[in-house]
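One structure is given below, encoded as structure tokens.
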Amino acid sequence: MSFEAKDYSISDVLNKAVFDIPRNQRRYVWKKEHWEDLFEDLIFSIDQKKPHFLGSVVLKENGKKDSLSYYTIIDGQQRLTTIILLLIALMKHFNERSLDNDFMGTISYIRSKNTRNQDIEILNSDFHLSLKSLIEGIINIQDRKCTISAFVDSHLLSKSRDKEIGDAIKKFYFLIRDDLEKYENADDRLRDIRAALLDMTVVKIVSSTDEDSYTIFEILNARGQELESYELLKNYIMRYIQPIERRDDAKSQWEDMEKSISTAMNKFIKHYATHRFGDTKDKYNSPYEAIQKKTRGQNISALFDDIKLKSEYYLKIIKPSKGPGGNCTDIEYLVFNFFRVKRFEQFRPILLSLIHQYELQKISRENYEKILTYIYNFFVCYTIIGEEKSNKLEDVVFKYARLLEESYTDKLLFEFAKSIKDKMPGYDWFLNSFKNVGWSNHFDLYKGEKTRSEYKLF
């Protein structure tokens, strides 16, 4: 199998090239959240003065004709299509602002010209025929006052097939407009956005045969090869941590953290994300995505320091020890070890917040030990005796883990205690549940009806 894989900027990828989307590829499926994410990454790359990495594209080389290189897209259709749609939205703004030189200078990234002076659209699809119509439409636009909706709608050849394509152009147009409104020199800002888009980098993987192309695609998309959240987070931190000189030490410290927490790393990152940012389960695809979206490459050194610190707290929770060289007080050991044995993990984000506030001396030792004991007693009553499901407590954990970490007060601690107390059903429920507690089979003390009758409470 022979192929070439190199880093290229988007401007290099689109230069003197024509890409065909084969019929067997799925339609364009990106939605609002994908467009917003890409635009946020684009703006972030401007602020950081660092090109955004867009991933990889897998192409089959179809040869060269009249100075143009022809490819079939095997993987990367969604990204390349989105780039073209974003360029169309940029050109609409250039047109409205009478920036004709910039408008004309962008054409070569959506349509190529061969040595026979023929114009050929850079991206072609037998399914999304509106792509060609929209590219031709923006290049030949005359009315500077034409609204974006009117422009898009007049060039959609199939609203059922191409709705997402039209919606993407409109969304990008308004995202650009909203960004430009923040700047006094909006024309230069518009040029900066285009430059950042064309400077985005991809790994372009080119093969000369269909067989090799699809083999590469299968390798890149093999099931079970996806990185875990903690692995993605490590890469993210090492990429953005400042100063760069700290990177080697950070890698070593991360490896030490992995060795300590071991197989619980994924759970730690999950609980850390909840501890810091509250409800992440329904808003993000993974704990890594939650952390990445909340931080956007900003203050990553502080983020790493916080993760390291909280990993030490987490170690107390999952591997408690006491005595000389131990990591817990007597009360901590009693509670954390009990939770470890009973596999009660639901409150770990809360515990991270409580330990941190105690270390910061915002919680007195008395209140800290009281709340740990309170949680312990609650768990015994609610989960062991009452056999209630711990997932019913998610709303409390999502709310108070973040609040206790960010805005601790004794009043807030009391509110948290009351919120879990309110989850407890009434006395009759507790009494009936207690009556249903069975006899232990681990001790001879409870064997035999005569002996049991002496110890029976109800």
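This note's numbering applies: residue 1210 is where the sequence shown begins, and numbers increase by one. The beta carbon of each residue, even a glycine, is placed where N, CA and C say it ideally should be.
Straight-line measurement puts the Cα of PHE1312 at about 17 Å from the Cα of ASN1394.
Take the alpha-carbon of GLU1541 and the one of VAL1605: they are about 21 Å apart. Per the DSSP secondary-structure output, ASN1333 pairs in a beta bridge with ASP1229. ILE1414 sits close to SER1265, with the two beta carbons spaced by under 8 Å.
Assigned with DSSP and collapsed to three states, SER1471 falls in helix. In the three-state reduction of the DSSP assignment, GLY1534 falls in the coil class. Taken through DSSP and simplified to helix, strand or coil, LEU1365 comes out as coil.
The alpha-carbon of LYS1322 is positioned some 13 Å away from that of ILE1348. Counting C-beta atoms within 10 angstroms of its own C-beta, ASN1304 has 16 or more neighbours from the protein chains shown and is therefore classed as buried. Between LEU1613 and ILE1559, the CB-CB gap stays under 8 Å. Secondary structure of THR1315 (DSSP, three-state): helix. Below 8 Å, enough C-beta pairs join the segment 1255-1273 and the segment 1282-1297 to call them touching: three or more.
Per DSSP, the continuous beta strand (DSSP E) segment holding PHE1262 begins and ends at 1262-1274. Linking ARG1398 to THR1410 through their CA atoms gives a straight-line distance of about 20 Å. Looking at the backbone, the Cα of GLN1257 and that of ILE1446 are separated by about 15 Å.
Between VAL1238 and GLU1345, the gap from beta carbon to beta carbon reaches 8 Å or more. In terms of Cα proximity to LYS1476, the closest of GLY1532, GLU1440 and ASP1371 is GLU1440. Counting along the chain, the unbroken alpha helix (DSSP H) around THR1504 starts and ends at 1496-1504.
Counting C-beta atoms within 10 angstroms of its own C-beta, LEU1296 has 16 or more neighbours from the protein chains shown and is therefore classed as buried. LEU1343 and ILE1378 do touch by the CB rule: their CB atoms are close to 7 Å apart, below 8 Å. In the DSSP annotation of this structure, the continuous segment of the alpha helix (DSSP H) that includes ARG1557 starts and ends at 1557-1568. The segment 1572-1588 makes no contact with the segment 1528-1535; the number of CB pairs closer than 8 Å stays below 3. Within the same chain, Cβ atoms closer than 7 Å to the Cβ of GLN1462 are found at LYS1517, the five residues on either side in sequence being excluded. Taking the Cα positions, ARG1557 is about 8 Å away from ILE1526. DSSP places ILE1283 in the uninterrupted beta strand (DSSP E) bounded by 1277-1284. Less than 8 Å divides the Cβ of LEU1366 from the Cβ of SER1339. Within the same chain, LEU1384 come within 6 Å of PHE1248 by CB-CB distance, once the 5 residues on both sides are set aside.
Sixteen is the threshold: since fewer than 16 other Cβ atoms of the shown chains lie within 10 Å of the Cβ of LYS1551, the residue is exposed.
Going by DSSP, ARG1320 is part of the beta strand (DSSP E) stretching over 1320-1322. For LYS1413, the uninterrupted beta strand (DSSP E) run begins and ends at 1410-1416, by DSSP. Closest in alpha carbon position to ILE1219, among ARG1456, HIS1243, ILE1319 and THR1504, is ILE1319. Bounds of the alpha helix (DSSP H) holding ASN1586 are 1574-1588.
In this structure, ASP1396 places its C-beta atom within 8 Å of the C-beta atom of ARG1306.
Using a 10 angstroms sphere on the CB of TYR1591, the tally of other CB atoms reaches 16 or more, which defines it as buried. When C-alpha distances from GLU1624 are compared across ASP1335, ILE1580 and LYS1380, the shortest belongs to ILE1580.
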